[in-house]
Amino acid sequence: MNKIDKVNAGMFKVKLQKNPPSINVLDSNKVPDTYKIAQEPKIDSKKLLSDVKNGVVIEGVELITDRQHLRIL
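Following this line, the structure appears as C-alpha coordinates:
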(Lines of atoms letter the chains of each structure in order from A and count residues from 1; the text may use other names and numbers.)
(Lines give C-alpha, C1' and ligand atoms only; values in the text may rest on other atoms or scores of the structure.)
Protein backbone atom coordinates (compact mmCIF):
# COMPACT_ATOMS: atom_id res chain seq x y z
CA MET A 1 0.00 0.00 0.00
CA ASN A 2 1.25 3.48 -0.86
CA LYS A 3 1.87 5.55 2.30
CA ILE A 4 1.19 9.29 1.95
CA ASP A 5 2.39 11.50 4.81
CA LYS A 6 2.69 14.86 3.01
CA VAL A 7 0.33 16.66 0.64
CA ASN A 8 1.03 19.91 -1.18
CA ALA A 9 -2.39 21.52 -1.60
CA GLY A 10 -1.39 24.62 -3.53
CA MET A 11 -1.68 27.48 -1.03
CA PHE A 12 -0.85 25.25 1.94
CA LYS A 13 0.79 21.97 2.85
CA VAL A 14 -0.54 19.19 5.06
CA LYS A 15 1.80 16.80 6.84
CA LEU A 16 1.23 13.89 9.20
CA GLN A 17 3.36 14.22 12.31
CA LYS A 18 3.96 11.71 15.06
CA ASN A 19 2.52 12.71 18.44
CA PRO A 20 4.79 12.98 21.48
CA PRO A 21 4.58 10.19 24.08
CA SER A 22 1.47 10.31 26.26
CA ILE A 23 -0.11 8.44 29.16
CA ASN A 24 -3.33 6.43 29.13
CA VAL A 25 -4.63 6.07 32.71
CA LEU A 26 -6.33 2.68 32.90
CA ASP A 27 -7.44 2.91 36.56
CA SER A 28 -7.05 6.24 38.37
CA ASN A 29 -7.70 4.53 41.71
CA LYS A 30 -4.41 2.62 41.37
CA VAL A 31 -2.31 5.71 40.62
CA PRO A 32 -0.37 6.91 43.73
CA ASP A 33 -1.55 10.17 45.32
CA THR A 34 1.77 11.86 44.48
CA TYR A 35 0.57 12.01 40.86
CA LYS A 36 -2.83 13.50 41.68
CA ILE A 37 -3.68 17.21 41.69
CA ALA A 38 -6.51 18.55 43.84
CA GLN A 39 -8.91 20.56 41.70
CA GLU A 40 -11.75 22.96 42.30
CA PRO A 41 -15.15 21.99 40.90
CA LYS A 42 -15.32 22.42 37.12
CA ILE A 43 -18.00 24.31 35.21
CA ASP A 44 -20.25 22.15 33.00
CA SER A 45 -19.98 24.41 29.93
CA LYS A 46 -22.19 22.20 27.75
CA LYS A 47 -25.06 22.32 30.25
CA LEU A 48 -24.57 26.07 30.75
CA LEU A 49 -24.68 26.67 26.98
CA SER A 50 -27.77 24.52 26.57
CA ASP A 51 -29.64 26.26 29.39
CA VAL A 52 -28.68 29.79 28.25
CA LYS A 53 -29.66 28.96 24.64
CA ASN A 54 -33.02 27.81 26.02
CA GLY A 55 -33.61 31.17 27.72
CA VAL A 56 -32.37 30.51 31.25
CA VAL A 57 -30.75 33.65 32.69
CA ILE A 58 -27.58 32.74 34.60
CA GLU A 59 -25.56 35.38 36.41
CA GLY A 60 -21.88 35.48 35.48
CA VAL A 61 -22.15 34.15 31.93
CA GLU A 62 -22.99 35.54 28.50
CA LEU A 63 -23.98 33.86 25.24
CA ILE A 64 -21.55 34.58 22.40
CA THR A 65 -22.88 34.08 18.88
CA ASP A 66 -20.64 36.22 16.64
CA ARG A 67 -17.36 34.29 16.52
CA GLN A 68 -15.93 32.37 13.58
CA HIS A 69 -13.29 29.67 13.13
CA LEU A 70 -11.34 28.29 10.19
CA ARG A 71 -12.28 24.85 8.90
CA ILE A 72 -10.05 23.18 6.30
CA LEU A 73 -11.95 20.67 4.17
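All residue numbers for the sequence shown refer to numbering that gives the first Met the number 0, where the first residue is 0 and numbers rise by one.
All C-beta atoms in this analysis are idealised placements derived from N, C-alpha and C, irrespective of residue type, glycine included.
| field | Presumed contact (8 Å Cβ cut-off) between I57 and L47, rounded CB distance | value | 7 Å
| query | Is the Cβ-Cβ distance between L62 and V51 less than 8 Å? | reply | yes
| query | Going by DSSP, what residues sit across from N7 in a beta bridge? | reply | K12
| If you draw a straight line from the alpha carbon of I22 to that of K14, how long is it in whole angstroms? | 24 Å
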